[in-house]
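In my numbering, the protein residues as written are 36 to 557.
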Ligand code: ADP
């Protein structure tokens with residue numbers, strides 16, 4: 036099979052230059068044609084005026100008596116003498132039967148038919164015509180009747196337009212032969228301009244080509260023109276910024292995750308090694324294996340939570356979007372934490388207004404659960420935890436969880452939503468958290484377009500406030516319709532049917548409670 040050579044399409048620069056040159060070619064041709072027409076019309080008008088002058092002079096000074104032709108003018112007047120002489124260059128005087136009485140040599144070359152001459156005899160006004168003679172010269176000829184000696188004659192006077200035609204053809208020649216040269220200049224200029232205009236695009240392409248995992252610092256300088264190309268440059272720079280921060284996050288995450296997994300793994304290994312050397316009785320082996328299992332459980336908690344967080348952040352978790360009655364949801368979660376709170380001697384109270392948030396019920400429940408779990412974990416016995424739900428004046432819904440616990444120092448607050456970041460290495464119960472609970476809270480807030488505010492005073496307590504945007508009224512109307520018609524029992528059943536919901540329920544023992552820190556701790 037014969038391969039056809041692939042034709043490389045013209046580059047943008049060449050195409051821009053070509054369009055530019057084409058546009059100019061059309062423009063130059065148009066302008067040239069317009070100039071030529073205007074010049075021709077001016078010349079014609081001038082020639083008509085001159086012929087009209089000749090016509091008037093002939094009429095005034097031509098006399099015929101008894102078939103004899105006289106020119107009645109002052110022979111001393113040089114100017115009139117010249118006019119009369121000139122007008123006789125292309126001249127015809129014919130009798131009423133068309134027979135010429137007087138005809139100049141140049142007029143003869145016009146080859147005017149007798150029948151045509153007879154038409155002029157009865158014309159009311161003289162007529163101007165353009166005629167080309169046998170010598171190839173163009174003439175403007177004025178013809179009409181002439182009354183003399185009580186008889187009708189035909190008078191016809193012409194003027195050569197040779198000089199006019201020469202000027203016109205010279206203009207045409209000069210202008211139209213100059214067009215290719217002008218086009219060459221225009222194309223050159225277009226090529227330079229297109230090159231300049233496209234330079235930033237090339238820079239972006241080059242920079243994008245140079246951008247890699249190892250080279251993320253590539254940025255482009257703006258030209259300061261505040262135009263579309265500057266917009267492209269800043270879009271590229273923003274993209275590179277985002278890529279760099281994602282890469283840094285991923286790298287940091289790998290470091291943190293391996294560190295996080297290495298510690299329990301080392302612990303398990305050393306426990307088993309020690310047991311291998313020192314354990315004598317089956318009970319001692321059993322005890323060592325049990326401790327190892329606990330550590331492995333902790334490990335699998337970390338891995339599960341990490342997997343879930345990675346899935347969530349990469350958009351693999353399918354979220355629903357429905358109006359959620361927050362008062363009921365927060366009330367129920369708080370109720371489930373009531374028992375463990377009492378067991379710790381913590382006073383858990385709620386102040387809840389009727390509010391609706393549009394979002395994913397399961398994730399919202401997970402967020403409340405994580406915040407409450409943290410509040411209980413980091414609050415001393417006899418302390419207090421308060422959950423409030425309010426609708427602000429602007430329509431947004433504010434959920435806050437405050438405690439009278441250990442608090443967080445100001446320098447840690449910007450980092451507590453990072454993965455594995457722990458301010459306190461252990462909670463009140465001595466358990467070490469996974470350091471992932473608030474990362475989930477942050478992701479859930481983000482997908483609900485909610486803002487998180489943290490205020491804390493070490494030793495006095497912490498308050499987390501999540502502000503959800505005002506719900507879309509059309510969705511609320513939909514909810515009201517549903518409430519009116521649908522069976523609310525089915526909705527309640529759905530709320531409780533999810534596996535994830537069950538997994539969030541706090542258990543009575545301190546150890547199990549700590550595992551609910553992570554939404555995936557079950
Ligand atoms: P952890 O599993 O360690 O609780 P989180 O991501 O939920 O992880 O929280 C990160 C860190 O923020 C915790 O280790 C803790 O030091 C701090 N923190 C979170 N909530 C509170 C709170 N209510 N009071 C004091 N410190 C808190």
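Note that CB positions come from ideal geometry on N, CA and C, so glycine has one too.
Note that the structure is a prediction, hence the values are computed from the model and not measured.
Check: What separation, rounded to the nearest whole angstrom, lies between the Cα atoms of residue 293 and residue 453?
Finding: Distance between residue 293 and residue 453, taken at the CA atoms: about 16 Å.
Check: Name the DSSP beta bridge partners of residue 206, please?
Finding: Bridge partners of residue 206: none, in fact.
Checklist line | Distance, residue 265 Cα to residue 258 Cα | finding: 6 Å
Next item on the list: In the DSSP assignment, find the alpha helix (DSSP H) that holds residue 368 and state where it starts and stops.
Entry: 361–378
Note to self: Please return the same chain residues whose Cβ sits closer than 7 Å to the Cβ of residue 47, not counting the five positions on each side in sequence.
What the structure shows: 233
Next item on the list: Flag residue 440 as yes when its Cβ comes closer than 7 Å to any non-hydrogen atom of ligand 1, and as no otherwise.
Entry: For ligand 1, at least one heavy atom lies less than 7 Å from the Cβ of residue 440.
Checklist line | beta-carbon residue 401 near ligand 1 non-hydrogen atom, thresh 7 Å | finding: In this structure, ligand 1 has no non-hydrogen atom nearer than 7 Å to the beta-carbon of residue 401.
Next item on the list: Helix, strand or coil for residue 298, going by three-state DSSP, please let me know.
Entry: helix
Checklist line | 7 Å Cβ shell around residue 462 - same chain, five flanking residues per side excluded | finding: Within its own chain, the residues whose Cβ lies closer than 7 Å to the Cβ of residue 462, once the five positions on either side in sequence are excluded, are 412, 413, 468, 549, listed in chain order.
Next item on the list: List the residues that DSSP assigns as beta-bridge partners of residue 68.
Entry: Partner(s): none; residue 68 has no beta bridge.
Notebook entry, point to check: Does the stretch 490–500 come close enough to the stretch 439–457 to have 3 or more Cβ pairs within less than 8 Å?
Noted result: yes
Margin query: Starting from residue 487, trace the beta strand (DSSP E) in both directions and tell me its first and last residue.
Written below: 486–492 is the span of the beta strand (DSSP E), which, as asked, contains residue 487.
Item checked: Whole alpha helix (DSSP H) elements within the stretch 381–429, 4-residue minimum -> Counting whole runs of 4 or more residues, the stretch 381–429 contains the alpha helix (DSSP H) stretches 396–412.
Next item on the list: Find out if the Cβ-Cβ distance for the pair residue 93, residue 194 is shorter than 8 Å.
Entry: no
Checklist line | Own chain residues within Cβ distance below 8 Å of residue 431, not counting five before or after | finding: Counting only Cβ-Cβ distances below 8 Å, and skipping sequence neighbours, we find 502, 503, 504, 505.
Check: Quick one: does the C-beta of residue 6 sit closer than 7 Å to a heavy atom of ligand 1?
Finding: As shown, the chain starts at 36 and ends at 557. That puts residue 6 outside it, with no answer to give.
Check: residue 362 and residue 390: beta carbons closer than 8 Å?
Finding: yes
Note to self: Any heavy atom of ligand 1 inside 7 Å of the beta-carbon of residue 412?
What the structure shows: yes
Note to self: Using C-beta distances below 6 Å, list every residue in its chain close to residue 145, excluding the 5 sequence neighbours before and after it, in chain order.
What the structure shows: 166, 168
Margin query: For residue 426, tell me which candidate among 398, 360, 375, 455 has the shortest Cα-Cα distance.
Written below: 360
Next item on the list: Determine the closest residue to residue 472 out of 487, 456, 484, with distance taken between C-alpha atoms.
Entry: 456
Item checked: Outcome for residue 252 when other beta-carbon atoms lying within 10 angstroms are tallied against a minimum of 16 -> exposed
Next item on the list: Quick one: which unbroken beta strand (DSSP E) runs of 3-plus residues sit fully inside the stretch 148–195? Chain order, please.
Entry: 162–167, 173–183, 186–195
Item checked: Other residues of its chain near residue 121: CB distance less than 8 Å, five sequence neighbours each side excluded -> 89
Margin query: Suppose you measure from the CA of residue 338 to the CA of residue 386; what does that come to, to the nearest Å?
Written below: 36 Å
Note to self: In this structure, how does DSSP classify residue 553 when only helix, strand and coil are distinguished?
What the structure shows: For residue 553, the predicted model reports a pLDDT of 35, less than 50, meaning its position is unreliable; a value from the coordinates is still stated below. Reduced to three states, the DSSP call for residue 553 is coil.
Note to self: Considering Cα atoms alone, identify which of 394, 371, 123 is closest to residue 358.
What the structure shows: 394
Margin query: When you compare the CB positions of residue 161 and residue 133, do they come within less than 8 Å of one another, or not?
Written below: no
Check: Thinking just about the alpha-carbon of each residue, which of 330, 307, 128 is nearest to the one in residue 319?
Finding: 307
Next item on the list: Scan the stretch 432–473 and note each continuous beta strand (DSSP E) run of 3 residues or more that stays entirely inside, going in chain order.
Entry: Here the runs fully enclosed are 432–438.
Check: Going by beta carbon distance, what residues of the same chain come within less than 6 Å of residue 434, once the five residues before and after it are set aside?
Finding: For residue 434, the CB contacts under 6 Å within the same chain, skipping 5 residues up- and downstream, are 424, 501 in chain order.
Item checked: Alpha carbon of residue 375 to alpha carbon of residue 466, nearest angstrom -> 15 Å
Next item on the list: Can you say whether residue 105 is buried or exposed, counting buried as having 16 or more other CB atoms within 10 angstroms of its CB?
Entry: exposed
Item checked: Close beta carbons around residue 379, own chain, < 7 Å, minus the five adjacent residues each side -> 411, 416
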